[in-house]
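So for the sequence shown, UniProt numbering puts the first residue at 1; every next one is plus one.
Don't be surprised by glycine CBs; every beta carbon is placed ideally from N, CA and C.
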Amino acid sequence: DDTFDAYGTFEESLLLTDAIQRWSPDAVDRLPEYMRDFFLKMLSIFQELENELAPAEKFRILYLKEQWKILAQHYITECKWRDDNYVPKLEEHMRVSIKSVGYVWFYCSFLTGMEEAVATKDAFEWFASFPKIVEACAIIVRITNDITSKEREQKREHVASTVDCYMKEYATSKDVACEKLLGFVEDAWKTINEELLNATGLSREVIELSLHSSRSTELIYKHVDAFTEPNTTMKENIFSLLVHPIPI
């Protein structure tokens, strides 16, 4: 994400996107020197994961690879927006940015390490279809991330955020834009709660991945971007949970 977002030029990121789509060691020769180690390590890690899986489980890596390729395509779209100084309408932005948060890839990653009864092909297909509950989770992380990281990201060239898009489209202040966008977060939580009550035919553990990830998102981005700045609230939360837990 940071390679596309902050460190690579559009042309370099385009080469990386193409290499990821080709998924072959031969593609490394076309990459800038500083990207080559990353690309080869990426291929190596995926291969190591596949080697650890039983023969009947190796299909899981196909979903991981496909979602990684899709993620790179969304990253390059945002990279182009950044270089073109393009501020899209909020709806256009969200069509890309709720995918670029990578939730489908994360969920497929979680599934890859889970037991066979849970990590079925139907479960992978369900996540890959971007169902309503996954979309709602992605909306939560997209908006809360954008709101808490806006001040930091303004210090360098960066793709327009949902806050920027709302401000431009509706000619509002940052505070008004953030307030309106948080209304979308509230609606997303309602969607999650509704979808948790709907039958999918999948293991409850699969469905609850979405719930737990959204709870984590609320904690990480509640007041600051604690993912990027872990020495703030994140450090305190981890210490409270693991180092000084409440006796039960």
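According to DSSP, is residue i helix, strand or coil?
i      : result
ALA117 : coil
MET189 : A quick correction: the sequence has Trp, not Met, at residue 189. Three-state DSSP puts TRP189 in a helix.
ALA199 : coil
ALA72  : helix
GLU157 : coil
HIS212 : helix
TYR86  : coil
ASN231 : coil
SER173 : coil
HIS223 : coil
LYS58  : coil
TRP23  : coil
PHE124 : helix
ILE246 : coil
PHE46  : helix
THR3   : helix
GLU110 : Per the sequence shown, residue 110 should be read as Phe rather than Glu. Looking at PHE110 - three-state DSSP - the assignment turns out to be helix.
GLY8   : coil
VAL101 : coil
PHE184 : helix
LEU241 : helix
LEU53  : coil
LEU31  : coil
SER13  : helix
SER129 : coil
Under 7 Å between the Cβ atoms of residue i and residue j?
i           : j      : result
residue 306 : VAL163 : Because the chain in this structure spans residues 1 to 248, residue 306 falls outside the shown range and cannot be described.
residue 249 : ILE133 : The requested residue 249 is not part of the displayed model; the chain covers only 1 to 248.
ALA119      : LEU111 : yes
ILE192      : ALA136 : yes
ARG215      : VAL159 : no
CYS108      : TYR166 : no
CYS79       : PHE4   : yes
GLU50       : LYS58  : yes
ALA123      : LEU202 : yes
VAL141      : THR217 : yes
THR148      : VAL224 : yes
VAL28       : PHE46  : no
Taking 7 Å as the CB-CB cut-off, is residue i touching chain C?
i      : result
LEU181 : Absent from the structure: chain C. Only one protein chain is present.
Am I right that residue i and residue j are in contact with their C-beta atoms under 8 Å? What's the rounded C-beta distance?
i      : j      : result
ILE143 : PHE184 : 6 Å
TRP126 : THR200 : 7 Å
Taking 7 Å as the limit between beta carbons, can you name the residues of its chain near residue i, skipping five residues before and five after?
i           : result
ILE20       : TRP68, LYS69 and ALA72
residue 288 : Within the shown structure, residues of the chain are numbered from 1 to 248, placing residue 288 beyond reach of any answer.
ASP1        : TYR75
Spatial neighbours of residue i within its chain, please: C-beta separation below 6 Å, excluding the five flanking residues on both sides.
i      : result
SER24  : none
GLU12  : PRO32
PHE227 : ILE220
LEU16  : MET35
Looking only at its chain, what residues have a beta carbon closer than 8 Å to the beta carbon of residue i, apart from the 5 residues adjacent to it on each side?
i      : result
MET114 : GLU205
ASP18  : ALA27 and ARG30
ASN198 : none
Determine, using beta-carbon pairs with one atom in the region 158-173 and one in the region 230-242, whether at least three such pairs fall under 8 Å.
These segments do not touch.
Does the region 30-37 come into contact with the region 73-90, if we say contact requires no fewer than three beta-carbon pairs (one atom in each stretch) closer than 8 Å?
No, because fewer than three Cβ pairs between the region 30-37 and the region 73-90 fall closer than 8 Å, the two stretches do not touch.
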